[in-house]
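A.B. asks: If you scroll down you'll find the structure; I have some questions about it.
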Amino acid sequence: IAATQPSTNWHVKENAREHHTSKFSSEELIVRRGQAFTITFNGTERPEQNLIFIAETGPKPSKSTKTLATFDISSTASKEGWSAVVQSTSSNSVSISISSPHNAVIGRYRLSVQSGSSSPQSLGTFVLLFNPWSSGDDVFMPNKAECEEYVLEEFGIIFAGNKNHISSFGWNFGQFQGDILNICLSIMDRSLYYRQDPVTDVSHRHDPRYLGRVLSAMVNANDDQGVVLGNWSGKYEGGKNPSSWTGSGEILQSWKKSGFKPVKYGQCWVFAAVLTTVLRCLGIPTRTITNFSSAHDADGNLRVDEFYDADGNHLERGADSVWNFHVWNESWFTRHDLGPSYSGWQVLDATPQEESGGIYQCGPASRHAIKEGEVDLDYDGPFVFAEVNADCMYWNYDSATGKKTLIFSKSTEIGASISTKAVGRDDRVDVTRDYKYEEGSAKERGIFKKARKKLGLEDKFDPTAPKQEEVEQKPDISGKFKVAGSLEVGKDLNLLLVLENLQSDAKTVNVNMTAWSTLYTRRRVNQIWKDSISVTLAPKEEKQFPIKIKYPEYQQQLTTDKTIQVTALCHVEDGIQVLVKRNITLDNPAIDIQVLGEAKVNKEVFVEVAFTNPIDEEVKDCVLQVEGSDLLQGILELRIPPLKASEKSSTKFKLTPSEAGPKHLLVNFSCDKFADIKTFKMVNVIN
Numbered sequence: 001i002a003a004t005q006p007s008t009n010w011h012v013k014e015n016a017r018e019h020h021t022s023k024f025s026s027e028e029l030i031v032r033r034g035q036a037f038t039i040t041f042n043g044t045e046r047p048e049q050n051l052i053f054i055a056e057t058g059p060k061p062s063k064s065t066k067t068l069a070t071f072d073i074s075s076t077a078s079k080e081g082w083s084a085v086v087q088s089t090s091s092n093s094v095s096i097s098i099s100s101p102h103n104a105v106i107g108r109y110r111l112s113v114q115s116g117s118s119s120p121q122s123l124g125t126f127v128l129l130f131n132p133w134s135s136g137d138d139v140f141m142p143n144k145a146e147c148e149e150y151v152l153e154e155f156g157i158i159f160a161g162n163k164n165h166i167s168s169f170g171w172n173f174g175q176f177q178g179d180i181l182n183i184c185l186s187i188m189d190r191s192l193y194y195r196q197d198p199v200t201d202v203s204h205r206h207d208p209r210y211l212g213r214v215l216s217a218m219v220n221a222n223d224d225q226g227v228v229l230g231n232w233s234g235k236y237e238g239g240k241n242p243s244s245w246t247g248s249g250e251i252l253q254s255w256k257k258s259g260f261k262p263v264k265y266g267q268c269w270v271f272a273a274v275l276t277t278v279l280r281c282l283g284i285p286t287r288t289i290t291n292f293s294s295a296h297d298a299d300g301n302l303r304v305d306e307f308y309d310a311d312g313n314h315l316e317r318g319a320d321s322v323w324n325f326h327v328w329n330e331s332w333f334t335r336h337d338l339g340p341s342y343s344g345w346q347v348l349d350a351t352p353q354e355e356s357g358g359i360y361q362c363g364p365a366s367r368h369a370i371k372e373g374e375v376d377l378d379y380d381g382p383f384v385f386a387e388v389n390a391d392c393m394y395w396n397y398d399s400a401t402g403k404k405t406l407i408f409s410k411s412t413e414i415g416a417s418i419s420t421k422a423v424g425r426d427d428r429v430d431v432t433r434d435y436k437y438e439e440g441s442a443k444e445r446g447i448f449k450k451a452r453k454k455l456g457l458e459d460k461f462d463p464t465a466p467k468q469e470e471v472e473q474k475p476d477i478s479g480k481f482k483v484a485g486s487l488e489v490g491k492d493l494n495l496l497l498v499l500e501n502l503q504s505d506a507k508t509v510n511v512n513m514t515a516w517s518t519l520y521t522r523r524r525v526n527q528i529w530k531d532s533i534s535v536t537l538a539p540k541e542e543k544q545f546p547i548k549i550k551y552p553e554y555q556q557q558l559t560t561d562k563t564i565q566v567t568a569l570c571h572v573e574d575g576i577q578v579l580v581k582r583n584i585t586l587d588n589p590a591i592d593i594q595v596l597g598e599a600k601v602n603k604e605v606f607v608e609v610a611f612t613n614p615i616d617e618e619v620k621d622c623v624l625q626v627e628g629s630d631l632l633q634g635i636l637e638l639r640i641p642p643l644k645a646s647e648k649s650s651t652k653f654k655l656t657p658s659e660a661g662p663k664h665l666l667v668n669f670s671c672d673k674f675a676d677i678k679t680f681k682m683v684n685v686i687n
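Numbering (the UniProt record's numbering), first residue to last: 1 to 687.
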């Protein structure tokens, strides 16, 4: 080799096209494993003679940990290890096709070349990612449209609200923007696993199962100074309210800019969205999943206990809880450790809820194993199974005597309308049937018993042989809350309490009612309203009692989750208590986006956002935030003057799209009376 440093042409554009990495905006070569890429370099004489290539990654590369490969020129690409095949030569340069194995460690590699006995010379660095398009890869996904959605799509829809009233908002995953890939690589190098044993950690980075678990720990700040700090207090001083984020890019960049200090604050969908960004960026097909009426079973008995006082107030007793919704992830890969039927979608959850192996991480749990009640299989099966299947026990608790009385239990409450975004469309798809058999069916109850048995629980609580305080008596009356009218922030809340006498003699009922503003986790924040009534129901009679909670009564108390829990504890004379409850999520008023004209690559186009103040008082501190991958750089923030009652504001701004195709613009509007009104619009950009 001549004394000069070889200069390398990495053919970044051509290789990226072949490797589905064109969306990365990087000068560096980014390729996927198990697939050939071509480089050309000069500065070698008689190039094809005895060239030896060295590819290495991590702090102490070695052949035994598969972080170092040396390979010479061969006539065909190798199926097993790394290989190099000459494509063409000229007088002073050579083009080589380099292939990596299907199970190569992913990350940034250093590539050098050696000729004969001279010392190796560096050709530069490249990044190697997972390859869902390649049938030998553990993350292989045969359906190309699914690869497009779950690896290449930068826009997502996250479902929220509650099971009676599902809402949704857009999210900009932004996995190909700016410096995100480098940030994802540094997340791996900051994990506890890496800090404790960097050599072993890097050697495991060929395995999506391992990386999924490590990254589920790193996305939350617990244990390891990870990316996002959780906060479910309802008070978010010193950081951003979790519901104000519209994309992962700002979060990941803030984490890096601050010298890797956790970003404040996140709740479940933020953790799930950031994990989606990181895993899609690395090439593992990933999506967000929303589970409605999601159980957090803290004591591992597949049962959630809720306690109420005599006034119907929900008590914060015990560590179990039921959330209106919870968002986690599914990633697609093979489970060599469990066997073929457990491959496919795997549940990962980055929200710090319970420790697993001493740190806050969760999964991967095979979705198929959860459906079949195989809760003893790795990892965290019991917790995930409970999230979608736990039984609910509602207790009356007397703080003076410490006595608890079972009001009723319900086995069909938890795990409803499990939702994810459709492939290639902005619609909701229900995947509940992939998590469990039909609610209440013999098959589903059988699976529940099987799971309890595997956990050694059948003695502690067997519904067929209850302990004395767990005997469930038949109630004399039934009740429910009905919504009358619209559920909108800024409007009065109108409900009906419907009570029905199930017996053939008259019943006198004393009803204690309360309404509290809550977080989406149903944690109570402020009492909004209370009332009590005494009613007499004739035999088999049904009566309706209207309830009105005026906007001024709840306006100051409402959290940004816009959720209210209404309960009525009915004390039937000479009978048992009946608990009626409903969780209500209010909708924000609408905002409207119009694109004025055609959106073309590198041409300015105007967008107009309109909002009408729906209440009869002024709103101020109005801010509009706009983001969207390939439509604008970073986040645009616009301040809007105050709006009088019923006044309409219209704000115009410019976009300059950088890439053709269907892109999504995300808008978030906030003011002193309404927080985080979100909407999105698909913008079709043409060349």
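We put the CB at the ideal spot given by N, CA and C, even for glycine.
Which stretch, first to last residue, makes up the alpha helix (DSSP H) that contains Arg209?
C.D. replies: Reading the sequence shown from its first residue, position 209 is the one you call residue 209. First-last of the alpha helix (DSSP H) with Arg209: 208-218.
A.B. asks: Give every residue of the same chain whose Cβ lies closer than 8 Å to the Cβ of Glu553, excluding the five residues on either side of it in the sequence, and list them in chain order.
C.D. replies: Within the sequence shown, numbered from 1, the residue matching residue 553 stands at position 553. So the list reads Ile528, Trp529, once near-sequence residues are dropped.
A.B. asks: Please state the DSSP three-state secondary structure of residue 689.
C.D. replies: Beyond the ends of the chain as shown, which are 1 and 687, falls residue 689; an answer cannot be given.
A.B. asks: Would you tell me roughly how many angstroms separate the C-alpha atoms of Ala365 and Arg190, rounded to the nearest one?
C.D. replies: Working through the sequence shown from its first residue, we reach residue 365 at position 365. Working through the sequence shown from its first residue, we reach residue 190 at position 190. Taking the straight line joining both Cα atoms gives about 24 Å.
A.B. asks: Taking the beta strand (DSSP E) that Asn687 falls in, what are its first and last residues?
C.D. replies: Stepping through the sequence shown from its first residue, residue 687 is reached at position 687. No beta strand (DSSP E) holds Asn687; DSSP gives it neither H nor E.
A.B. asks: Do Arg280 and Glu330 count as a contact pair if the criterion is CB distance below 8 Å?
C.D. replies: Counted from its first residue, the sequence shown places residue 330 at position 330. Counted from its first residue, the sequence shown places residue 280 at position 280. Against a cut-off of 8 Å, the Cβ pair of Arg280 and Glu330 comes out as no contact.
A.B. asks: Go to Thr277, then tell me how far its alpha helix (DSSP H) extends in each direction, as first and last residue.
C.D. replies: The residue given as residue 277 occupies position 277 in the sequence shown. Run containing Thr277: 268-282, per the alpha helix (DSSP H) assignment.
A.B. asks: What are the boundary residues of the beta strand (DSSP E) that includes Gly440?
C.D. replies: Within the sequence shown, the letter at position 440 stands for residue 440. Unbroken run through Gly440: none, as it is neither H nor E.
A.B. asks: Indicate whether Gly247 and Leu579 have their beta-carbon atoms separated by less than 8 Å.
C.D. replies: If you number the sequence shown from 1, residue 247 lands on position 247. If you number the sequence shown from 1, residue 579 lands on position 579. It is not a contact, given that the beta carbons lie outside the stated cut-off.
A.B. asks: Quick check: the Cα distance between Ile549 and Glu306, rounded to an integer number of angstroms?
C.D. replies: As a position in the sequence shown, residue 549 is number 549, starting the count at 1. As a position in the sequence shown, residue 306 is number 306, starting the count at 1. Distance between the alpha carbons of Ile549 and Glu306 is about 25 Å.
A.B. asks: Hey, does Ser356 have any beta-carbon neighbour from chain B nearer than 8 Å?
C.D. replies: Any reference to chain B falls outside this structure, which holds one protein chain only.
A.B. asks: Run the CB neighbour count on Asn241, radius 10 Å, all protein chains shown included, and call it buried at 16 or more, exposed below.
C.D. replies: Counting from one through the sequence shown, the residue named residue 241 turns up at place 241. Buried.
A.B. asks: Nearest by alpha-carbon distance to Thr65: which of Asn92, Ile414, Ile106, Ser75 is it?
C.D. replies: Numbered from 1 along the sequence shown, position 65 holds the residue referred to as residue 65. Measuring from the Cα of Thr65, the nearest candidate turns out to be Ile106.
A.B. asks: If you drop the 5 nearest sequence neighbours on each side, which residues of the same chain put their C-beta closer than 7 Å to that of Thr560?
C.D. replies: In the sequence shown, the residue the question calls residue 560 occupies position 560. Cβ neighbours of Thr560 beyond the five flanking positions: Asn241, Ser243, Ala675, Asp676.
A.B. asks: Name, in chain order, the residues that DSSP records as bridge partners for Cys362.
C.D. replies: Translated into the one-based positions of the sequence shown, residue 362 becomes position 362. Paired residues: none, contrary to the question.
A.B. asks: Can you tell me whether DSSP reads Thr464 as helix, strand or coil?
C.D. replies: The residue given as residue 464 occupies position 464 in the sequence shown. Note on Thr464: pLDDT 44, under 50, position unreliable in the model; no value is reported.
A.B. asks: Would Thr276 pass as a contact of Phe325 if the rule is Cβ separation under 8 Å?
C.D. replies: Within the sequence shown, the letter at position 276 stands for residue 276. Within the sequence shown, the letter at position 325 stands for residue 325. Against a cut-off of 8 Å, the Cβ pair of Phe325 and Thr276 comes out as no contact.
A.B. asks: For the putative contact between Val601 and Asn494, defined by C-beta atoms under 8 Å, what is the C-beta separation to the nearest angstrom?
C.D. replies: Reading the sequence shown from its first residue, position 601 is the one you call residue 601. Reading the sequence shown from its first residue, position 494 is the one you call residue 494. Incorrect: roughly 50 Å between the Cβ atoms, too far for contact.
A.B. asks: So what does DSSP say about Thr65, is it helix, strand or coil?
C.D. replies: Taking the sequence shown and counting its residues from 1, the one referred to as residue 65 is at position 65. Here Thr65 sits in coil by DSSP.
A.B. asks: Just reading off the alpha helix (DSSP H) that Cys671 is part of, what are its end residues?
C.D. replies: Reading the sequence shown from its first residue, position 671 is the one you call residue 671. Taken as a continuous stretch (DSSP letters only), Cys671 belongs to no alpha helix (DSSP H), as it is neither H nor E.
A.B. asks: Please state whether DSSP places Trp133 in a helix, a strand or coil.
C.D. replies: Taking the first residue of the sequence shown as position 1, residue 133 is located at position 133. DSSP places Trp133 in coil when its eight states are reduced to three.
A.B. asks: Just to confirm before moving on: does the CB-CB distance between Leu643 and Glu618 stay below 8 Å?
C.D. replies: For the purposes of this step, residue 643 is identified with residue 643 of the sequence shown, where counting begins at 1. For the purposes of this step, residue 618 is identified with residue 618 of the sequence shown, where counting begins at 1. The answer is yes: Cβ separation under 8 Å.
A.B. asks: Taking the DSSP output, what are the residues bridged to Asp398?
C.D. replies: Along the sequence shown, read from residue 1 onward, the residue named residue 398 stands at position 398. In DSSP, Asp398 forms a bridge with Lys403.
A.B. asks: Since Thr585 and Lys562 should fall inside the 8 Å C-beta cutoff, what is the C-beta to C-beta distance between them, to a whole number of angstroms?
C.D. replies: Within the sequence shown, the letter at position 585 stands for residue 585. Within the sequence shown, the letter at position 562 stands for residue 562. Yes, they are in contact, since the Cβ atoms of Thr585 and Lys562 sit about 6 Å apart, within 8 Å.
A.B. asks: Alpha carbons only, please: which of Tyr210, Gln361, Lys678 is nearest the one belonging to Asp337?
C.D. replies: As a working note, residue 337 is residue 337 in the sequence shown. Measuring from the Cα of Asp337, the nearest candidate turns out to be Tyr210.
A.B. asks: Taking Ile30 as the reference, give the member of Ser112, Leu348, Pro120, Val127 with the closest Cα.
C.D. replies: The sequence position of residue 30 within the sequence shown is 30, counting from 1. Of Ser112, Leu348, Pro120, Val127, the residue nearest in Cα terms is Val127.
A.B. asks: Below 8 Å, how does it come out for the segment 373-381 and the segment 390-408: are there three or more Cβ pairs, yes or no?
C.D. replies: Verdict: no, contact absent.
A.B. asks: Could you tell me the distance, in whole angstroms, from the CA atom of Ala16 to the CA atom of Leu68?
C.D. replies: Counting from 1 along the sequence shown, the entry for residue 16 is found at position 16. Counting from 1 along the sequence shown, the entry for residue 68 is found at position 68. If I take the Cα positions, the gap works out to 24 Å.
A.B. asks: On the criterion of 16 or more Cβ atoms from any shown chain inside 10 Å, does Met682 qualify as buried, or is it exposed?
C.D. replies: Position 682 of the sequence shown, counted from the first residue, corresponds to residue 682. With fewer than 16 Cβ atoms within 10 Å of its Cβ, Met682 is classed as exposed.
A.B. asks: Have a look at Leu348, Gly34, Asp621 and flag the residue whose alpha-carbon is nearest the alpha-carbon of Gly136.
C.D. replies: Counted from its first residue, the sequence shown places residue 136 at position 136. Nearest of Leu348, Gly34, Asp621 to Gly136, Cα basis: Gly34.
A.B. asks: Assign Ile533 to one of three DSSP states: helix, strand, or coil.
C.D. replies: Within the sequence shown, residue 533 is the residue found at index 533, counting from 1. Three-state result, Ile533: strand.
A.B. asks: Going residue by residue through the segment 540-570, where are the continuous beta strand (DSSP E) segments of at least 3 residues, counting only ones entirely within it?
C.D. replies: Taking only runs of at least 3 residues, the beta strand (DSSP E) segments lying wholly in the segment 540-570 are 542-549.
A.B. asks: So, at 8 Å on beta carbons, what are the nonlocal neighbours of Ala77 in its own chain, with the 5 sequence-adjacent residues on each side left out?
C.D. replies: As a working note, residue 77 is residue 77 in the sequence shown. Excluding sequence neighbours, Ala77 sits near Ala36, Ser83, Val85, Ser97, Ser99.
A.B. asks: Can you tell me where the alpha helix (DSSP H) holding Ile251 begins and where it ends?
C.D. replies: Looking up residue 251 in the sequence shown gives position 251. Looking at the DSSP string, the run of the alpha helix (DSSP H) that includes Ile251 is 248-257.
A.B. asks: Checking 8 Å against the spacing of the C-beta atoms, do Asn389 and Lys436 come in under that value?
C.D. replies: Within the sequence shown, residue 389 is the residue found at index 389, counting from 1. Within the sequence shown, residue 436 is the residue found at index 436, counting from 1. Yes, they are a contact pair.
A.B. asks: Closer than 6 Å by C-beta to Val595: which residues in its own chain qualify, once you throw out the five before and the five after it? Chain order, please.
C.D. replies: Your numbering for residue 595 matches position 595 in the sequence shown. Val607, Val683, listed in sequence order.
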